[in-house]
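One structure is given below, encoded as structure tokens.
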Amino acid sequence: MAMLNRVHLNGLRAAETVARLGSLAAAAGELNVSVSAVSQQINRTEKQLGQALFERTASGLVLTEFGRVFSARLGAGFRELAQAVALADEANQCTLVVSVAPAFASKWLLPRLSRHFDRHPNVLLRIDASAQLADLDHSDVDIAIRMGDGTWPAGRAELLLAQEVFPVCAPVIASRLHAIEDLAKTCAITDERTMINWESWFEAAGVEPVTFRKGARFTDPMLCLESAIAGHGVMLAWQLLAADALADGRLVAPFGVRVDSGLGYWMVTSASKAESRKVRDFRVWIREEIAQTMAQFSALESAA
Numbered sequence: 006m007a008m009l010n011r012v013h014l015n016g017l018r019a020a021e022t023v024a025r026l027g028s029l030a031a032a033a034g035e036l037n038v039s040v041s042a043v044s045q046q047i048n049r050t051e052k053q054l055g056q057a058l059f060e061r062t063a064s065g066l067v068l069t070e071f072g073r074v075f076s077a078r079l080g081a082g083f084r085e086l087a088q089a090v091a092l093a094d095e096a097n098q099c100t101l102v103v104s105v106a107p108a109f110a111s112k113w114l115l116p117r118l119s120r121h122f123d124r125h126p127n128v129l130l131r132i133d134a135s136a137q138l139a140d141l142d143h144s145d146v147d148i149a150i151r152m153g154d155g156t157w158p159a160g161r162a163e164l165l166l167a168q169e170v171f172p173v174c175a176p177v178i179a180s181r182l183h184a185i186e187d188l189a190k191t192c193a194i195t196d197e198r199t200m201i202n203w204e205s206w207f208e209a210a211g212v213e214p215v216t217f218r219k220g221a222r223f224t225d226p227m228l229c230l231e232s233a234i235a236g237h238g239v240m241l242a243w244q245l246l247a248a249d250a251l252a253d254g255r256l257v258a259p260f261g262v263r264v265d266s267g268l269g270y271w272m273v274t275s276a277s278k279a280e281s282r283k284v285r286d287f288r289v290w291i292r293e294e295i296a297q298t299m300a301q302f303s304a305l306e307s308a309a
């Protein structure tokens with residue numbers, strides 16, 4: 006491989022192109038350079054090799070005997086290089102980059118990804134766990150899933166699920182909550198960055214707000230959920246955050262009152278890029294998964 010260092014790659018490319026196309030002009034057109042530039046590259050390459058690749062004739066360049074053998078090997082090498090570069094393009098085309106908030110990724114998306122792998126084994130999923138909405142026009146992110154009101158500049162937003170909020174707690178806490186007023190005997194687990202509040206839930210429940218005992222405060226909904234599971238108090242949760250903990254009994258929704266928060270989970274894609282097959286397939290898959298989760302909610306409510 007060290008021998009390659011004495012020959013410029015551009016010159017080898019010029020020689021292979023002329024040998025394949027049969028003329029300087031045709032090679033210059035493919036390489037998007039001038040005819041004189043191609044001629045100079047070939048002259049330089051022949052000097053570096055110490056061998057003539059072409060005979061200069063009145064009708065143009067003709068391969069020498071050495072040039073025919075050399076260009077055949079050179080052509081095979083460039084075809085291998087082209088295939089190697091194509092592997093990168095193929096990998097990019099088969100990679101789906103999904104930007105999601107860490108809580109959504111950890112508490113709902115991650116446990117379900119195996120079903121996407123099974124359905125689309127040729128698609129490599131890369132999860133970008135970030136609270137910030139990615140620049141969908143100038144990054145490799147294909148999809149962003151975000152909670153909000155659906156307003157994202159320069160993005161195409163599609164509602165996946167309207168967010169409803171409701172109290173959840175560990176079964177040991179729920180056993181002491183016979184009426185909503187009993188919440189005054191418990192601690193409120195608070196997410197300091199949340200966009201939801203207890204006042205709207207109490208209003209929907211038709212009761213006056215209660216004053217909770219002082220409880221833990223966090224800056225992350227995942228920590229709030231784990232604190233509720235540990236029996237530290239009651240938190241306001243929403244469907245996809247609490248789905249699995251409710252399904253397996255780690256949490257209970259003690260009052261059965263859910264309130265529309267005015268927010269939702271949205272799938273956001275670039276408005277300027279054509280939608281790919283992998284994005285369409287992901288949309289179908291995630292809608293099916295959300296529908297299955299909501300069917301579990303309905304079953305839990307019916308059993309309550």
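Adding 5 to a residue's 1-based position in the sequence shown gives its number in our numbering. The beta carbon of each residue, even a glycine, is placed where N, CA and C say it ideally should be.
Going by CA-CA distance only, name the one from the options that's closest to residue i.
{"i": "G269", "options": "E208, A20, L166", "result": "L166"}
{"i": "V262", "options": "A184, R84, A210, A162", "result": "A210"}
{"i": "A221", "options": "V12, S44, T191, I201", "result": "T191"}
{"i": "G153", "options": "E60, A106, I178, L251", "result": "A106"}
{"i": "A184", "options": "T156, P214, E204, L164", "result": "P214"}
{"i": "N15", "options": "V273, N37, A136, Q46", "result": "Q46"}
{"i": "A162", "options": "Q168, H125, R151", "result": "R151"}
{"i": "T156", "options": "A134, G267, T50, K52", "result": "G267"}
{"i": "N202", "options": "D253, F302, Q168", "result": "Q168"}
{"i": "R124", "options": "I291, D249, Q137", "result": "I291"}
Using DSSP's beta-bridge definition, name the partner residues of residue i.
{"i": "R131", "result": "V102"}
{"i": "W243", "result": "V170"}
{"i": "F223", "result": "D196"}
{"i": "A388", "result": "Absent from the structure is residue 388, since the part of the chain shown begins at 6 and ends at 309."}
{"i": "R18", "result": "In DSSP, R18 forms no bridge with anything."}
{"i": "R218", "result": "C192"}
Specify, as a first and last residue, the run of the alpha helix (DSSP H) that residue i falls within.
{"i": "T50", "result": "40-54"}
{"i": "V177", "result": "176-179"}
{"i": "A149", "result": "Note, A149: premise wrong, no alpha helix (DSSP H); beta strand (DSSP E) at 148-153."}
{"i": "E231", "result": "226-234"}
{"i": "L118", "result": "118-124"}
In three-state terms, what does DSSP make of residue i?
{"i": "T62", "result": "strand"}
{"i": "L26", "result": "helix"}
{"i": "T274", "result": "strand"}
{"i": "R255", "result": "coil"}
{"i": "S111", "result": "helix"}
{"i": "D265", "result": "strand"}
{"i": "V12", "result": "coil"}
{"i": "D286", "result": "helix"}
{"i": "L79", "result": "helix"}
{"i": "V74", "result": "helix"}
{"i": "A162", "result": "strand"}
{"i": "L182", "result": "coil"}
{"i": "V90", "result": "helix"}
{"i": "L68", "result": "strand"}
{"i": "D306", "result": "Correcting the residue identity first, residue 306 is Glu in this sequence and not Asp. Of the three classes helix, strand and coil, the one that applies to E306 here is helix, per DSSP."}
{"i": "A32", "result": "helix"}
{"i": "E293", "result": "helix"}
{"i": "T156", "result": "coil"}
{"i": "Q301", "result": "helix"}
{"i": "E85", "result": "helix"}
{"i": "D145", "result": "coil"}
CB of residue i to nearest heavy atom of the ligand ZN: below 6 angstroms?
{"i": "I185", "result": "The ligand ZN is not part of the structure shown, which contains no ligands of any sort."}
Do residue j and residue i have their beta-carbon atoms positioned less than 7 angstroms apart in this structure?
{"i": "D142", "j": "S277", "result": "yes"}
{"i": "V40", "j": "A24", "result": "no"}
{"i": "V128", "j": "C99", "result": "yes"}
{"i": "V146", "j": "S104", "result": "yes"}
{"i": "A108", "j": "P226", "result": "yes"}
{"i": "A57", "j": "T69", "result": "yes"}
{"i": "S205", "j": "V289", "result": "no"}
{"i": "G238", "j": "A193", "result": "yes"}
{"i": "L114", "j": "W271", "result": "no"}
{"i": "T224", "j": "R198", "result": "yes"}
{"i": "T90", "j": "G160", "result": "A small correction: the amino acid at residue 90 is Val; Thr does not occupy that position in the sequence shown. No, these two residues do not count as a Cβ contact at 7 angstroms."}
{"i": "V170", "j": "L251", "result": "no"}
{"i": "L118", "j": "K283", "result": "no"}
Locate the beta strand (DSSP E) running through residue i, then write down its first and last residues.
{"i": "W206", "result": "Looking at the DSSP string, W206 is not in any beta strand (DSSP E); the run it does join, the alpha helix (DSSP H), is 203-210."}
Can you find a C-beta in chain B that's less than 7 angstroms from the C-beta of residue i?
{"i": "H125", "result": "Among the protein chains of the structure shown there is no chain B, as only one such chain exists."}
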